[in-house]
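Using our numbering, the final residue of the sequence shown is 544, and nothing's skipped along the way.
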Amino acid sequence: QADAAVLVIASPTGEFEAGIAKSGQTREHALLAFTLGVKQMIVAINKMDEKSVNWGQARYDEIVKETSSFVKKIGYNPEKINFVPISGWAGDNMLEKSANLPWYKGVTLLEALDSIVEPKRPSDKPLRVPLQDVYKIGGIGTVPVGRVETGILKPNTIVTFAPGNLSTEVKSVEMHHVALPEATPGDNVGFNVKNLSVKDIRRGMVAGDSKNDPPKETETFNAQVIILNHPGQI
311 QADAAVLVIA
321 SPTGEFEAGI
331 AKSGQTREHA
341 LLAFTLGVKQ
351 MIVAINKMDE
361 KSVNWGQARY
371 DEIVKETSSF
381 VKKIGYNPEK
391 INFVPISGWA
401 GDNMLEKSAN
411 LPWYKGVTLL
421 EALDSIVEPK
431 RPSDKPLRVP
441 LQDVYKIGGI
451 GTVPVGRVET
461 GILKPNTIVT
471 FAPGNLSTEV
481 KSVEMHHVAL
491 PEATPGDNVG
501 FNVKNLSVKD
511 IRRGMVAGDS
521 KNDPPKETET
531 FNAQVIILNH
541 PGQI
């Protein structure tokens, strides 16, 4: 769902080590981000104000070295990652550079976020909206929700859902309860459809424009399977 990820790491002694352990959350979150296709990452090294860290450069350097090693194994290039020391509690180095970090010459967290490169949106390709869920909303009707991956979704478009080859008209498109004239790649939207119930369409189906290369089921496909956790033998 995201174009970029901020991996928040706790710097205090013990907390960082627990996070990057084999079953630690830091390692798991980084792997999940890469698995889900998030190519750009920022690492926010938090709690720099904690007593055992005390804004220390040595601890920061240690965390950068260890984190760089494991994110590289996952598939990220550490040289393209901003490692930003912060204190979320005190607000240091979040919006403005901190006097508590005179040794740090890098960017603030806000500057790191602003440096994220917006990916190219493939709006010129045929419409594809994989469904995340389908809701029945009183007074409105059936509302599938999903992220527009390619193409443009507009009200009054005739869409086809696959598998199943079900076609219907899009009555409206909304994002955060605001009606949209169109939704483009990257938008997470809900769209109201005519004459279909929540029993007809479900999570995993894909919507596309009925008049422009609509999605179709297939007998075979190639898949890349990434296993997040296993006992060591499959």
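Backbone N, C-alpha and C fix where the C-beta goes; we use that ideal spot for every residue, glycine too.
Just so you know, these numbers come straight off a predicted model, no measurement behind them.
When Arg438, Val480, Gly451, Phe471 are compared, the shortest CA-CA separation from Ile511 is found for Phe471.
In the pairwise beta carbon analysis, the region 499-514 is classified as touching the region 472-483: at least three pairs are separated by under 8 angstroms.
Among the bridge pairs identified by DSSP, Gly518 is matched with Thr470. Where Asp371 is concerned, the enclosing alpha helix (DSSP H) starts and stops at 367-384. CA-to-CA, the gap between Lys526 and Asn475 works out to about 7 angstroms. Per DSSP, reduced to three states, the secondary structure at Gly329 is helical.
Within the region 413-464, the alpha helix (DSSP H) runs of at least 4 residues that lie entirely inside it are, in chain order, 419-424.
Burial is judged here by how many other beta carbons sit within 10 angstroms of a residue's own beta carbon; Thr452 has at least 16 and is buried. Taking 3 residues as the minimum length, the beta strand (DSSP E) runs contained wholly in the region 342-366 are 350-356, in order along the chain.
Judged by pairs of C-beta atoms under 8 angstroms, the region 352-361 touches the region 401-414, as three or more such pairs exist. Under the 8 angstroms Cβ criterion, the region 363-379 counts as touching the region 312-323, having at least three qualifying pairs.
Residue burial is scored here from C-beta neighbours: Tyr370 has at least 16 other C-beta atoms within 10 angstroms and is therefore classed as buried. Annotation for Glu484: the continuous beta strand (DSSP E) segment containing it runs 476-485. Assigned with DSSP and collapsed to three states, Ala409 falls in coil, not helix or strand. By the Cβ neighbour-count rule, Ser425 is exposed, with fewer than 16 other Cβ atoms within 10 Å of its own. With respect to Glu428, Asp519 sits apart: the two C-beta atoms are not nearer than 8 angstroms. Going by beta carbons, Glu376 and Ile330 fall inside the 8 angstroms limit.
Scanning its chain for C-beta atoms nearer than 6 angstroms, with the 5 sequence neighbours on each side dropped, one finds around Ile352 the residues Val316, Asn392, Ala422, in chain order. Rounded to the nearest angstrom, the gap between the Cα atoms of Lys509 and Asn522 is 26 angstroms. Shown here for Pro388: same chain residues with a beta carbon closer than 7 angstroms to its own, the five before and five after excluded, namely Ser378, Val381, Lys382 in chain order.
Distances from the CA of Glu529 to each of Lys390, Gly416, Pro473 were compared; the closest alpha carbon is that of Pro473.
Within the DSSP bridge table, the entry for Val488 names Met485 as partners.
Scanning its chain for C-beta atoms nearer than 7 angstroms, with the 5 sequence neighbours on each side dropped, one finds around Tyr386 the residues Phe344, Met351, in chain order.
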